[in-house]
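What follows is a short report on a single structure.
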């Protein structure tokens with residue numbers, strides 16, 4: 006493949022990934038609105054669901070939210086019955102946050118038609134392609150996590166969106 010073809014393919018890939026990311030955000034916002042949630046609350050609920058159990062500190066790191074914002078967010082999810090907090094038996098100072106599956110069942114049911122359609126689409130690809138796509142998505146997401154952590158770390162040194170004076 007020539008450099009010109011390679012450059013075009015990388016631009017097309019970048020466009021496709023950006024489009025998927027934007028559509029994911031918009032889709033999440035629509036689903037959140039359907040359930041009377043803020044989109045960030047729904048995404049954090051999904052993070053908790055995927056990880057099974059997290060601490061508030063882990064959520065702060067993953068989202069870039071302040072500890073106060075994470076506490077307020079978890080309070081909102083707990084008030085709706087979506088999550089529970091319990092003390093970490095290994096470290097009684099830490100609180101562990103988990104999803105209440107019975108409470109999130111309606112949300113999971115709302116996503117079910119999408120899950121079925123996506124599984125049907127993905128099943129049309131061979132195993133080699135699926136492994137390649139999974140590797141691509143995993144490594145790309147890991148890079149996005151790293152970029153998010155770098156942005157959060159840079160913002161710690163700012164006050165009101167402006168760099169702290171030296």
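In this note's numbering, the protein residues as written are 6 to 171. Cβ coordinates follow ideal geometry from the N, Cα and C atoms, glycine included. Here the structure is a predicted model, which is why all the values come from computation and not from measurement.
Check residue i in the structure and name its three-state DSSP category.
| i | result |
| --- | --- |
| residue 58 | strand |
| residue 27 | helix |
| residue 105 | coil |
| residue 128 | helix |
| residue 141 | helix |
| residue 43 | coil |
| residue 156 | helix |
| residue 36 | helix |
Does the beta-carbon of residue i have 16 or more other beta-carbons within 10 angstroms, so that it is buried, or is it exposed?
| i | result |
| --- | --- |
| residue 15 | exposed |
| residue 53 | buried |
| residue 79 | buried |
| residue 155 | exposed |
| residue 75 | buried |
| residue 49 | buried |
| residue 18 | exposed |
| residue 109 | buried |
| residue 137 | exposed |
| residue 46 | buried |
Review point. Residue ranges of each alpha helix (DSSP H) run of no fewer than 4 residues wholly in the stretch 65-101, ordered along the chain?
Key: 72-84
Exercise for review: Report yes or no: do three or more beta-carbon pairs, one from the stretch 52-64 and one from the stretch 8-28, lie closer than 8 Å?
Suggested key: no
Exercise for review: Specify whether the stretch 82-94 and the stretch 138-151 touch according to this definition: at least 3 beta carbon pairs, one from each stretch, less than 8 Å apart.
Suggested key: no
Point to revise | Given 8 Å, three or more beta-carbon pairs between the stretch 36-50 and the stretch 109-123 | key: yes
Exercise for review: Specify whether the stretch 45-60 and the stretch 99-109 touch according to this definition: at least 3 beta carbon pairs, one from each stretch, less than 8 Å apart.
Suggested key: yes
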